[in-house]
Every structure is written in structure tokens, then in C-alpha cells.
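These protein sequence lines are chains A and B, in that order. Letter by letter, the first sequence follows residues 45 to 436 in the numbering used here. Letter by letter, the second sequence follows residues 45 to 436 in the numbering used here.
Protein chains: 2
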Amino acid sequence: MPSAKGRSTPSWHTWRVSKPSTGDRVAKASSSSTELLKLRGRIDAIDRQLRTLLNNRAACAEEVARLKTRLDADAPAYYRPDREAEILARLRAENEGPLPDAHIERLFREIISCCLSLEQPLTIACLGPSGTYTEAAAIKQFGHFAKMRTLSTVADVFREVESGAAHYGVVAVENSTDGMVKHTLDCFTTSSLSICAEVELPIHHALLIRRGGDPEEIVEICSHEQSLAQCRHWLDVRYPTQSRRPVSSNAEAARIAADTDGVAAIAGEAAADRYGLDTVHANIEDQPGNKTRFFVVGNQQVEPTGRDRTSIIVSTRNEPGALYKVLAPFKRHDISLSRIESRPSQTSAWDYVFFIDFEGHRNDDSVTGVLAELNKVATGVKNLGSYPRALD
Amino acid sequence: MPSAKGRSTPSWHTWRVSKPSTGDRVAKASSSSTELLKLRGRIDAIDRQLRTLLNNRAACAEEVARLKTRLDADAPAYYRPDREAEILARLRAENEGPLPDAHIERLFREIISCCLSLEQPLTIACLGPSGTYTEAAAIKQFGHFAKMRTLSTVADVFREVESGAAHYGVVAVENSTDGMVKHTLDCFTTSSLSICAEVELPIHHALLIRRGGDPEEIVEICSHEQSLAQCRHWLDVRYPTQSRRPVSSNAEAARIAADTDGVAAIAGEAAADRYGLDTVHANIEDQPGNKTRFFVVGNQQVEPTGRDRTSIIVSTRNEPGALYKVLAPFKRHDISLSRIESRPSQTSAWDYVFFIDFEGHRNDDSVTGVLAELNKVATGVKNLGSYPRALD
């Protein structure tokens, strides 16, 4: 802190007073004040109605919870991902504005989260430390009234839900940090948990430097290895001679850039705000539309919403045409695959394991047909769950 | 991950199907289903009304913003802490339930934050790193639609707001971590910023151990030095022989306890969830009602709400009876002091500086009277701001 010496001013000894208004200004102010008072009255009336409706909603939610307890005293499912997805999709589709759809969704996530917390405060297990993308995905899905419990491995997240210590887990399935997909998929082969929902987070990278720094003076660019890889082409064109330094996380890169002249970081724009950095270039990722996808896992079979996806694991013998045999039923039933991933089997019995995501719900006739056919050609078929597709 | 070997079961090959229901269960389910459908219909209707009201509220807020811009094109104050405090106090006071007052407040903070973000997304400077109590206080005051910018020192927070890079700053003023008060108060002596609001966060400590650990086997207790101090008496009685280890933060202590048998951590209950710990004892702090208090600072004079507090700095010469002279006017005007703190002056001109908080607003007659008297006996009086008192 600079010393106060020589900085104290006469105003230190007096109260600040409003500047005298000119007549014109007073007249304008006066008519505007009346309008302002009217608008505030309207907002107050709206707020009262909002509060009453929020309380009515909570009372209905309590009633639903009582009904569910009566119906299934052992394990009532207070949280219904299918129902919630339908509510949010409809609220967005019919949104009249001026609030953007994404804001409406965020507010209703909080409202639903708040009403639910009266009955059963949800505990959500996710990969730590606090502040990870996985935690952000969990908050996007469950709102701020849910309790987040961060754990150190994906396997711990599965165990936490299996043991009942957490109601649901959130795990990255297609992640910008390498190795995550593998760990998550391996957990699914041995776990009894189902996929209850998916969450997508858009990933954008920006080139950031210390505030007021000169972009011409960048000598080094640091970021997580995977982010550097995701911007490789852009960097090759714009910063071909600067050294690239992989660090433990994008947040760490932002911290370094904030402290060091000539060092730029690749990180999300949020990091620019957090660490007080200037954005030199936004959206520098080679692949636009880059997203990280997460699964919500739990002990629950989710009902159809009309916008569903199903994930399965199929194991086959190591023989010619194995993949073709697995894919043919999808073609015949005109089912669109959204992802296929092969992994070495973890048991000696199977040689290949395919992780397949496709459109549709296990209750759909076409899906039932595909699965019946797959059961004939594969050595094993495991249903990981049918769940509502993520909202944009 | 354990290998899947020997764990694959026949169910791996088949779809899970619902258990067949008994007749009784079907009848109960059927009448309950009808009730459930009715309740869901009511919730859907409420949600539609809520969305319409939220959009109406946003439209009103836009209208208010347009009026303010017309009235004061240079620096329209979209955010009004006094107005917001009044809204929230009234919503809480008249809350009909079943949502608790605190939930109503949290939801409305988000609603206000969301409406405001349409006009002017607020940027809030606060002490980092991300995840601090200060950030939690900023979110409590401004909601999740505001952008948080975490900085490394309190002086940086003041500078960020003075330079206009952030709209408001949040700084701890009475904190459980030592030294904060001092830094913050010193910043006020030289800054032109005013206090616009105060925020209080309750602080509770718990004794936590690794899940499933045995409380009888605790040999060491670790925590931030200040937290150890705040629980000293309790520890002396309950754990007199165990060693106490100060670490960099309570979160770090929780992390250590999660990894180490026989080590307990003192931290907030939230840390138990985050790090998967068991709570051995809750609320072990020697002083119940322990709170941390934060100030929101900005370039704004806040209007009275009827529940206000004023903070001033008074400097006096080093002479006998100086403190008495400062306190006498408050006594005469029957004004209740909530805090007085003396600090060595930072300039040679003054020998003592007193930081004083008291009930009332600068517009109140009694406050004007006190300040006039103080100006006669003190070498300097600086108004730090009148602001709404924090809600519980």
C-alpha cells in the first residue's frame, strides 16, 4: 500500500454531498422518478407473486415426495432426470424472452434444486479438486442447492455412488484431458451403476496475457498439454517460433501468465476474469464446437422423454467381421450411432469390447430389435442406460 | 479398478426389466399415478407462470435501466444495494413457506442477478484464489450471474475497482484469518471508494476424520492456525494430549485427514462433503455465533433503507482524553456503536486513527449531529459510507 502521506484531501474532512441540480435536470429527474417508482412497484408486485409461486411449487414437490414414499417406501426416486429434462426443454422451447433460454434454464435448475433440497438434499460425487470442469458439469445439472463431494479418482466416484454415500456421480466421458474416457469406460464394465443423464459443457480456449502486456512480446505459451494440442494448428500459424510449455492445468497456466511478462496462457475466458488477464485472441481451438461430455451415474432406470440416447457395451470374439456383425443391426433398424469406441477387454473371455452410444430409448421397438439381434452375434451386451440427451 | 474377471454375471447379457407388481401394488400405484400426474400438471402450470413472471421482471428491469441511462448518461447506477436489501428483507419478512427464508433469499439473489446481467453483467473483484470465503461472500451478495475476478491482495481489489476494471470489490473486514482487518482498514484510509454493503458469513468448525476412521485413534489435529486458536478451549478439554499442526488452510487440513489415519482436521462441514470425511463433532468453536464480515466497496453512495450502518475513520491528536472526546458525541446523540478499532496513523500528521461503525445513515439527523461534533474535536473525519446492515 502506498502511504497516505500527501494524498489526504480536504474532502476527507467533509461529507460528500450531491451536486446541485439545474432546473432542467430537476424536471427531468422528477418525471423520471415517478416512472421509476411505478416500475419498482411493478417489480415488487412481481416478486411477491414469484415468491408465492415458488412456495406453491415447493409445496407440490413435497406432495410428490410424499406420494413417492407411499408408493415405494424402500427407495423412492425423488430426483427424476427424465422429468427434469422434459420440464427444461419445454420451458426453453416456449420461452417468450427477454431472458435468454440459457438464463431461463439456469434459473429453473436452481428452482428445481431448491424445491428438491426440501425433501432430499442431493449429494453428488464428482472428480476433484473443487473448481474442475466436472464440478461445473455437476452444478449445471443439479444446481447450487445440491451438495458436491469431490473425490480423487473416477473409480472413487463410482464407489461412492455404489455404496450409497452419494446419490449420483458425475464423470467425464469425452474429455479434453487425455485418459479420462478410458478410466470412465473401464469403470462401467465392472459397475452396476446406470447412466441417468448426460451433460455437455462447451470448451473454448483463449490466448491470454498479463493485463496491459504487449502481444508482440510473447516468448512462451503455456497450458495443459491437451489444450496446447487442441490449438496446435492455430499456434503453428500465429505463433510458430514461441516455445510451448505444458503445465498441470489451464488455471495454473493463467496464474503463471499473470505473474510473468512475455508468457501467454491458453485457458478459458473465465480464467481471464479470475486472474486479471487480457484476451489476445478468443476461440483459438482448431475444432470449433469443442465440448466436454459428462455422464450422471446412479442406481436408476430413466423413463423415455422422446429425446433420448442409449449407451451399451458389446463384447465380441476376435474373429474376422466382428465389428461388421455388431454394426449391421443398427443399419437394419435405421438407428443412428453417435459414438463407437473400442477397448481391449479386461477379461480373458472377450477379445474386444465396444462402447456404443445411439439415439433412442430401451423401450423403443427399434432399440429392442437391435438388442435382440446383438445378443445373437455378441458374446455379451451390457446396458449402461437410456437417458435424456443433453440440452445445448 | 478391480478386474472384471469373475465379476461378469448373466444379467450382463440381458436388459433389466421391472419386477412384476402384485395386484395390491398395482391398485395403489394406479391411484397414486393419477395423483402424481395431477401434481405434475400443477407444477408445469406453476413453471409456466414463473417463466412469464421472470421475463416480465426482466423487462421491467430493462425499463428501469433505460430510465436510469436517460437520467444520468455518464454513470447510471444499475445496481442499487439499498433497493436490493429492501426487496430481500421484505421477501423474507413476509415469506409464507414452505421454502425457508434463507432459500427464498438465495433464489431471489439469483433472480435479481439474472435480470441485472441482461443490462450490465457485474464484474466483482475479490481476494483469491477461487474458492475462498471472500468469493463465497461475493456470490452470496451478487449471485452466480455476476463475474468473479479473484486477485491476490486486498490492495489489488481496491485498485481494480478504482480503475473501473471491476464494478465492485468484496473485502474481508473482520476475518478469522489474522491480518485481514488491518490490510483492509489501511486500504480505506487512502482509497476514494465507499462501502456499499456488508455481507456476513457464519463460520462453524467441525472435527473431521477419514471416513470410517476411529475417533479414539486420533493422534494429531491439523488446521489453519487461526482455526486451531478458535477451538483452543474445546481442544484443551477434549483432546489435551494430541499434537496440533498448523497448515496453510482448512481445506489443506481436510485433504491431509482424508489421506492419513489418525489425523483429524478442523474445517467447515462443507469440507467433510468435499473430501469425504466423517464429522466427529460439529460446532466446536469456542465462540458460538462466529461470523466473518465483508464489505462491498464501490463508487457509490447508498440511500437509506431504515436498517443501516455507517462506517467512518476519525483521526485525533495524541493527547489525554482523545478517545473520550471521540466517543462523547455518540453518547449524547444516543447512537449505538457496533465496532471501534484503533490503528496507528499512516501519516505523521495524526497519531491515532479510529475505525468506527455505528447504527444509522448519514442522512439521519442524529448522525449529522454526531459528525458535526466530531469535526470539531478530531483532526480528520472520513466517511467510508452508509450501507444496509447485513441480513442474517
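In this text, a Cβ means the ideal position worked out from N, Cα and C, and glycines have one as well. Quantities reported herein were computed from a predicted structural model and do not represent experimental measurements.
Query: Neighbour flag for S76 (chain A) against chain B, beta carbons, 8 Å; Result: yes
Query: Selection from B:I310, B:L111, B:Q185 and B:S287 that minimises the alpha carbon distance to S44 (chain B); Result: The displayed coordinates of chain B run from 45 to 436. Any statement about residue 44 (chain B) would go beyond what the structure contains.
Query: Residue of A:G141, A:A89, A:A129 and A:N99 minimising C-alpha distance to A103 (chain B); Result: A:G141
Query: Test: G223 (chain A) CB closer than 8 Å to a CB of chain B; Result: The predicted model places G223 (chain A) with a pLDDT of 43, which falls under 50 and marks its position as unreliable; any figure quoted below should be read in that light. No, no contact with chain B.
Query: Three CB pairs or more closer than 8 Å across the segment 125–133 of chain B and the segment 420–432 of chain B; Result: yes
Query: Residue-level contact to chain A via CB, V358 (chain B), 8 Å cutoff; Result: no
Query: N362 (chain A) burial status per 10 Å Cβ neighbour count (16 or more: buried); Result: exposed
Query: Three-state secondary structure (DSSP) of Y122 (chain A); Result: coil
Query: C-beta contact flag for F338 (chain B) and V243 (chain B) at 8 Å; Result: yes
Query: DSSP state of Y212 (chain A) mapped onto helix, strand, coil; Result: strand
Query: Rounded distance between the beta-carbons of A216 (chain A) and I253 (chain A), thought under 8 Å; Result: That pair is no contact at about 29 Å.
Query: Assumed close pair K112 (chain A), Y122 (chain A) - CB separation to whole angstroms, cut-off 8 Å; Result: 6 Å
Query: Within the segment 152–197 of chain A, ranges of the beta strand (DSSP E) (whole runs, at least 3 residues); Result: 167–171 and 191–195
Query: Every unbroken alpha helix (DSSP H) inside the segment 255–312 of chain B [4 residues or more]; Result: 269–274, 276–282 and 294–303
Query: Test item: CB-CB of R255 (chain A) and G213 (chain A) under 8 Å; Result: no
Query: Length of the line joining the Cα atoms of R193 (chain A) and A295 (chain A); Result: 21 Å
Query: V281 (chain B) classed as buried or exposed, judged by whether at least 16 other C-beta atoms fall within 10 angstroms; Result: exposed
Query: With 16 other Cβ atoms within 10 Å as the buried cut-off, status of G187 (chain B); Result: buried
Query: Close-in-space but distant-in-sequence residues of the same chain around E269 (chain B) (CB under 6 Å, 5 per side omitted); Result: P290
Query: Closer than 8 Å to chain C by CB, R361 (chain A); Result: Of the protein chains in the structure, A and B, none is chain C.
Query: Contacts of N139 (chain A) in chain B (Cβ-Cβ under 8 Å); Result: R95 and N99
Query: Short CB-CB distance (under 8 Å) between E79 (chain B) and chain A; Result: yes
Query: Euclidean distance between Cα positions of F398 (chain B) and I384 (chain B); Result: 7 Å
Query: Rounded Cβ spacing between V425 (chain B) and H377 (chain B) (contact assumed at less than 8 Å); Result: The Cβ separation is near 15 Å, so there is no contact.
Query: Beta-carbon neighbours of G404 (chain A), restricted to chain B and to distances below 9 Å; Result: In chain order: nothing, as chain B lies at least about 13 Å away.
Query: Nearest-angstrom Cα separation, counted from S355 (chain B) out to D480 (chain A); Result: Coverage of chain A is limited to positions 45 through 436, which leaves residue 480 (chain A) absent and any answer about it impossible.
Query: V414 (chain A): first and last residue of the uninterrupted alpha helix (DSSP H) it sits in; Result: D409 to V421
Query: Beta strand (DSSP E) segment containing P432 (chain A), residue limits; Result: G424 to P432
Query: G85 (chain B) in three-state terms, based on DSSP; Result: helix
Query: A105 (chain A) classed as buried or exposed, judged by whether at least 16 other C-beta atoms fall within 10 angstroms; Result: buried
Query: Residue closest to R353 (chain B), alpha-carbon to alpha-carbon, out of B:A180, B:D408 and B:T323; Result: B:D408
Query: Cut-off 6 Å between Cβ atoms - residues of its own chain near S161 (chain A), not counting five sequence neighbours on either side; Result: F189
Query: 8 Å Cβ cutoff, K420 (chain B) in contact with chain A; Result: no
Query: Cutoff 7 Å; reference S382 (chain B); Cβ partners in own chain excluding five residues on either side; Result: R353, D401, F402 and E403
Query: Contact set between E107 (chain A) and chain B, taken where Cβ atoms lie within less than 7 Å; Result: L83
Query: Which listed residue (A:A181, A:A109 and A:E138) has its alpha carbon closest to that of P165 (chain A); Result: A:A109
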